[in-house]
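Undergrad:
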Amino acid sequence: MNKPFSNYPGGKEAPGVYQTIINQIPPHVNYIEGFVGNGSVLRHKKPAQGLNLGIDISRNVIGGWLDLNYPDFEFQLGSWFQFVTSQSFKKHLNHKETFMFLDPPYRFSSRKSGSKIYEHELTDSDHDYFLELVKQLDCKIAITHYPDSVYERELSDWRCIEFTSQTRQGKATELLFMNYDSPVALHDYSHLGADYREREKIRKKINRWLASLDRMPKKESLAIISAINERIVKGGSK
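Position one of the sequence shown corresponds to residue 1217 (this note's numbering), numbered consecutively onward.
1) Considering only DSSP beta bridges, list what I1271 is partnered with.
2) Runs of 4 residues minimum, wholly inside the region 1285 to 1345: which ones carry the alpha helix (DSSP H) assignment?
3) Here's the rule I'm using: 16 or more other beta-carbon atoms within 10 Å means buried, otherwise exposed. How should M1432 be labelled?
4) In its own chain, which residues sit with a C-beta less than 6 Å from the C-beta of A1388, not counting the 5 before and 5 after it?
5) Residues in the same chain with beta-carbon distance under 7 Å from I1273, minus the five sequence neighbours each way, listed in chain order, please.
6) Grouping DSSP H, G and I as helix and E and B as strand, with all else coil, what is S1256?
7) In chain order, what residues of the same chain have a beta carbon less than 7 Å from the beta carbon of R1259, not counting five sequence neighbours either side?
8) For Y1362, which option in I1377, C1355, V1350 and K1262 has the closest C-alpha, if you only look at C-alpha atoms?
9) Please list, in chain order, all residues of the same chain as L1284 whose beta carbon is under 8 Å from its beta carbon, the five residues on each side excluded.
10) Assuming I1238 and V1257 are in contact, meaning their beta carbons sit under 8 Å apart, how far apart are those beta carbons, in whole angstroms?
11) Indicate whether the contact test is met: 3 or more Cβ pairs, each with one atom in the region 1349 to 1361 and one in the region 1391 to 1411, closer than 8 Å.
12) Report back the beta-carbon spacing between L1402 and P1242 to the nearest angstrom; my notes put them in contact at under 8 Å.
13) Measure how close the beta-carbons of P1225 and Y1322 come, nearest whole angstrom, since I'm counting them as under 8 Å.
14) Quick check on E1416: does DSSP put it in helix, strand or coil?
15) Give me, in chain order, the residues of the same chain whose beta-carbon lies closer than 6 Å to that of L1350; leave out the 5 immediate sequence neighbours on both sides.
16) When you compare the CB positions of G1266 and D1411, do they come within less than 9 Å of one another, or not?
17) Who pairs with C1376 in a beta bridge, going by DSSP?
18) Considering just the uninterrupted stretch of the alpha helix (DSSP H) at Y1234, what are its terminal residues?
19) For R1275 and I1248, I'd like the C-alpha separation in whole angstroms.
20) Taking all protein chains shown into account, do 16 or more other C-beta atoms lie within 10 angstroms of the C-beta of K1261, making it buried, or fewer, making it exposed?
21) Using a Cβ cut-off of 9 Å (strictly closer), state whether T1383 contacts chain D.
22) Whole-angstrom Cβ separation of H1244 and A1264, contact assumed at under 8 Å?
23) Ignore the nearest five residues each way along the sequence and tell me which others in G1227's own chain have a CB closer than 8 Å to its CB.
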């Protein structure tokens, strides 16, 4: 998918960033991305079979997405806060098969610059309300933020990993908070690997296996696939 803007502040486009996030996303039927901006995760992950929704309060952002005309995706103009408190979306928000990725504007005190970079920023009170709301939702949620005492305190019982991003001020450490255990299965395996070298190694291994299966009689290849699936279901794979 093309991106609506060639450059967007706070995006997750740097090498290894969106891959790290996607490698933490479990299987889901509905995908919701609040504060969608340039939608790095939305663009690079495999679409969900049900709802694929991007939300942003910026008219410029939503207009950019609508101009790209992706028929399998919905983009809604409005506040994430209004969305999650709307009765019409309760069925998605309280659904175990819904996954929500949230990359809100970070707290000013956590930024190196400490300055405004977005058209619509969040106040400290907004962040408090945001954290209150996410803890009330029943869907699976992942949230990115810089290291920050408020987020780390309020989401202390969420799983958290660190990753490195590239900002206008240089490299930065970011946190990914998740309200679910480390996933056994992933929604999208196309970015699997800790770095570019490992991802390429895995891709080559997959291609070798596929080429080997292609050379076999169909029933023989299906028998092997069936045996592999049975082994995984029984917990025989690492």
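C-beta atoms are modelled at their ideal positions from N, C-alpha and C, and glycine is treated no differently.
TA: Put simply:
1) Sequence index remark: in the sequence shown, residue 1271 carries index 55 (1-based). Answer by DSSP bridge pairing, in chain order: Q1292.
2) Scanning the region 1285 to 1345 for uninterrupted alpha helix (DSSP H) segments of 4 residues or longer gives 1296 to 1300 and 1306 to 1309, listed from N- to C-terminal end.
3) Working through the sequence shown from its first residue, we reach residue 1432 at position 216. Exposed is the call here.
4) Here residue 1388 refers to the residue found at position 172 when the sequence shown is read from its first residue. Excluding sequence positions up to five before and after A1388, its CB lies within less than 6 Å of the CB of S1381, all in the same chain and listed in chain order.
5) Within the sequence shown, numbered from 1, the residue matching residue 1273 stands at position 57. Within the same chain, I1273 has close Cβ partners G1294, S1295 and H1336.
6) Taking the sequence shown and counting its residues from 1, the one referred to as residue 1256 is at position 40. Looking at S1256 - three-state DSSP - the assignment turns out to be helix.
7) Counting from 1 along the sequence shown, the entry for residue 1259 is found at position 43. So the list reads M1217 and K1219, once near-sequence residues are dropped.
8) Mapped onto the sequence shown, residue 1362 falls at position 146. Minimum Cα distance to Y1362 is reached at I1377.
9) On the sequence shown, position 68 is the one that residue 1284 refers to. M1217, N1218 and P1220, listed in sequence order.
10) One-based indexing of the sequence shown puts residue 1238 at position 22. One-based indexing of the sequence shown puts residue 1257 at position 41. Their Cβ separation, rounded to whole angstroms, is 6 Å, which keeps I1238 and V1257 in contact under 8 Å.
11) For the pair of segments examined, the region 1349 to 1361 was found to touch the region 1391 to 1411: the number of CB pairs separated by less than 8 Å reaches three.
12) Here residue 1402 corresponds to residue number 186 of the sequence shown, with the count starting at 1. Here residue 1242 corresponds to residue number 26 of the sequence shown, with the count starting at 1. Confirmed, Cβ separation roughly 7 Å.
13) Taking the first residue of the sequence shown as position 1, residue 1225 is located at position 9. Taking the first residue of the sequence shown as position 1, residue 1322 is located at position 106. Contact flag wrong, Cβ pair sits at about 10 Å.
14) Here residue 1416 refers to the residue found at position 200 of the sequence shown. Helix.
15) Within the sequence shown, the letter at position 134 stands for residue 1350. Before going further, note that residue 1350 is Val rather than Leu in the sequence given. Excluding positions up to five away in sequence, the list reads I1357.
16) Locating residue 1266 in the sequence shown gives position 50, where the first residue counts as 1. Locating residue 1411 in the sequence shown gives position 195, where the first residue counts as 1. For G1266 and D1411, no; Cβs fall outside 9 Å.
17) In the sequence shown, residue 1376 corresponds to position 160, counting from 1. Its beta-bridge partners are F1393.
18) In the sequence shown, the residue the question calls residue 1234 occupies position 18. Its alpha helix (DSSP H) spans residues V1233 to I1238.
19) As a working note, residue 1275 is residue 59 in the sequence shown. As a working note, residue 1248 is residue 32 in the sequence shown. Rounded to the nearest angstrom, the two C-alpha atoms are 18 Å apart.
20) Position 45 of the sequence shown holds residue 1261. Answer is buried; the Cβ neighbour count reaches 16.
21) The chain labelled as chain D is not found in the depicted structure, where only one protein chain is given.
22) Mapped onto the sequence shown, residue 1244 falls at position 28. Mapped onto the sequence shown, residue 1264 falls at position 48. With 8 Å as the limit, H1244 and A1264 qualify as a contact, their Cβ atoms being about 6 Å apart.
23) Walking along the sequence shown from the start, residue 1227 turns up at place 11. Result list for G1227: G1253, N1254 and S1256, in chain order.
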